[in-house]
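Heads up: the sequence shown is residues 1 to 127, going by this note's numbering.
In this text, a Cβ means the ideal position worked out from N, Cα and C, and glycines have one as well.
Below is one structure; the comments refer to it alone.
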Amino acid sequence: MTLIARFTVDGAQPTRAADLDVDWVGLLVFAKTFTSGITGTATTLFMSAGTQEGARSYVATERITGRTDDGDDGSVVVQHGGLESDPATWFGHVVPGSGTGAFAGWAGSARIRHDDDGAFLEIEGAG
């Protein structure tokens, strides 16, 4: 099953990893609200490299907690990333064994996509 989960980013806080004092990588903690497909929230650890607009890369790990449009409750961890300028490089997956409640057993790909309505997470293998 393919699940399309639309979201908004509610805020981002810069953070630092202990004992890591470098200027070539940035760390942020995002708060997200999922509004359809899944209704709920996520906390995301986002790591980026590069400073030139269009030439940056990222990798993110996020825990999503919520309810699907079908009424299933749970949480799951996904990882995704890629090169900002090249959607063909975008990747992502559900972390095996990370699902709880009705999301237990979710597996497969989890990629960030964009369309005219904004950003969404496309999860193949949900449910």
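Item: Beta-carbon proximity list for ALA107, same chain, < 7 Å, skipping 5 on both sides; Value: VAL94, PRO96 and GLY125
Item: Same chain, Cβ closer than 6 Å to ILE38, five either side skipped, listed in chain order; Value: ALA5, GLY66 and THR68
Item: Pairwise C-alpha distance: GLY101 and VAL25; Value: 35 Å
Item: Contacting residues, own chain, Cβ-Cβ under 8 Å from ASP70 (five flanking each side not counted); Value: GLY127
Item: Cβ shell of THR89 (< 6 Å), same chain only, five flanking positions each side left out; Value: GLY82 and LEU83
Item: Proximity winner among GLY50, ALA104, LEU121 and ASP86, relative to VAL76 (alpha-carbon distances); Value: ALA104
Item: CB contact flag (PHE132, ALA110, <8 Å); Value: Residue 132 lies beyond the stretch modelled for the chain, which goes from 1 to 127, so this question has no answer here.
Item: Check whether THR51 and THR41 have beta carbons under 8 Å apart; Value: no
Item: Which residues DSSP lists as bridging ARG63, in chain order; Value: THR43 and VAL77
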